[in-house]
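Numbering (the working numbering), first residue to last: 2 to 326.
Structure (structure tokens):
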């Protein structure tokens, strides 16, 4: 366990949340598959409660702040902290950073246990997080969550939360891998103050020059170690999905959407999600304004390995109609 040196202001108030119940909805997708933009759009509709940057960074005092009516003050302090970092977005994309930014609960799990996906050791932390957010909620909206590390963990989650719903978002593996590698290279080229707050692992890398140089080399085009590892990891995740999706009840437990379809016609896809969740979509919502497509060149090291990628993920590519270009 990671020692938490921050005073836990909420500790004396946990009796306020012990009997709270919730039924979570999970956005499920690997890193750089479109989970963040889908989370952002669904949050913007106003139909859900979510995990925010404020919830994660001020986790030790969420209940305390609400009881003492200083939540707005804490958010203002966090907003100033972000402003002082001179960082408007995450660096890896154009999503603007604010205290209310929709974030991944995996950051909290990693801070507490060094493991980003849900397991028997940290499920109680996840449970407490959900109870805290539900406590802060002023309406009966459902709780929407996301954590890319849990994409191939849905059977464990379903066992712990039988009423959970899953919205799986999928993206062409070539583009997913391309985005993953470029994102890490960006994060390692210059320290992201925002990411350093959320991830102790990332922060420690920049505290040690040799360690930083090692990771910069590992994720560079000078070696095949990381690209091969990323391919194998994605293949394991996508194959797990193909092999185990039948253990869920399609159209009741889960829904599949493609990132490409979300970008091409966001209104159709978002309304499809609302139908699956039996939630009425808001009227007159401008879904198109959230989609800003970009043409991103493929990394040469991935192009060279296209045949390997297509062989390792053949069933996944076939199932979602991702044809080789």
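C-beta: ideal position from N, C-alpha, C; glycine also. Only a predicted model underlies this, so the values are computations on that prediction, with no experimental measurement involved.
For this session: Report yes if the CB atom of residue 283 is closer than 8 Å to the CB atom of residue 46, and no otherwise.
Result: Annotated as proximal: residue 283 and residue 46, with beta-carbon spacing under 8 Å.
Exercise. Can you find a CB in chain B that lies within less than 8 Å of the CB of residue 121?
Worked result: Here there is only one protein chain, and chain B is not present.
For this session: Let me know the alpha helix (DSSP H) ranges lying completely inside the segment 289–323, each 4 residues or longer, listed in chain order.
Result: Runs of the alpha helix (DSSP H) inside the segment 289–323: 301–304, 307–313, 315–320.
Exercise. What first and last residue would you give for the beta strand (DSSP E) that runs through residue 210?
Worked result: Unbroken run through residue 210 is the alpha helix (DSSP H), 210–219; no beta strand (DSSP E).
Exercise. So residue 257 is in the beta strand (DSSP E); what residue range does that whole segment cover?
Worked result: Under the DSSP assignment, residue 257 falls in the beta strand (DSSP E) whose first and last residues are 255–259.
Exercise. Using the beta-carbon count (16 or more within 10 Å), is residue 163 buried or exposed?
Worked result: Residue 163 comes out exposed.
Exercise. For the segment 106–126 against the segment 134–142, are there 3 or more C-beta pairs whose distance is under 8 Å?
Worked result: Proximity of the segment 106–126 to the segment 134–142 falls short of the contact definition, fewer than three beta-carbon pairs being nearer than 8 Å.
Exercise. Is it true that the segment 53–60 meets the segment 27–43, where meeting means three or more beta-carbon pairs spaced less than 8 Å apart?
Worked result: Under the 8 Å Cβ criterion, the segment 53–60 does not count as touching the segment 27–43, having fewer than three qualifying pairs.
For this session: Go through the segment 57–122 residue by residue and report every complete run of the alpha helix (DSSP H) that reaches 4 residues or more, in order.
Result: Runs of the alpha helix (DSSP H) lying entirely within the segment 57–122 and spanning at least 4 residues, in chain order: 63–68, 72–85, 107–114.
Exercise. What did DSSP end up calling residue 7 once you bin it into helix, strand or coil?
Worked result: Residue 7: coil per DSSP, three-state reduction.
Exercise. Is the beta carbon of residue 99 less than 8 Å from the beta carbon of residue 80?
Worked result: Yes; because the gap between Cβ atoms is below 8 Å, this pair is in contact.
Problem set entry | N- and C-terminal bounds of the alpha helix (DSSP H) containing residue 137 | Residues 124–137.
Exercise. If you run the structure through DSSP and keep just helix, strand and coil, what is residue 283?
Worked result: Residue 283: coil per DSSP, three-state reduction.
Problem set entry | For residue 27, the nearest candidate out of 121, 21, 280, 36 (CA to CA) | Considering only alpha carbons, the answer is 36.
Exercise. From 207, 183, 66, pick the residue whose C-alpha is nearest to that of residue 194; which is it?
Worked result: Considering only alpha carbons, the answer is 207.
Exercise. Where do the ends of the alpha helix (DSSP H) carrying residue 43 lie?
Worked result: If you look at residue 43, you'll find it in the alpha helix (DSSP H) that goes 36–45.
Problem set entry | Spatially closest choice to residue 299 from 169, 129, 110, 178, by CA coordinates | Residue 299 has its Cα closest to that of 178, out of 169, 129, 110, 178.
Exercise. Fully enclosed by the segment 136–170, which alpha helix (DSSP H) runs are 4 residues long or longer?
Worked result: The segment 136–170 is shown to contain whole alpha helix (DSSP H) runs of 4 or more residues at 155–161, in chain order.
For this session: Work out the CA separation of residue 24 and residue 52 for me, nearest whole Å.
Result: Rounded to whole angstroms, the separation of the alpha carbons of residue 24 and residue 52 is 14 Å.
Exercise. Just reading off the beta strand (DSSP E) that residue 242 is part of, what are its end residues?
Worked result: That residue, residue 242, is in no beta strand (DSSP E); its alpha helix (DSSP H) goes 226–245.
Problem set entry | Distance between residue 257 and residue 309 (C-alpha atoms, nearest Å) | Computed Cα separation, rounded: 25 Å.
Exercise. Is DSSP giving residue 198 helix, strand or coil here?
Worked result: Here residue 198 sits in helix by DSSP.
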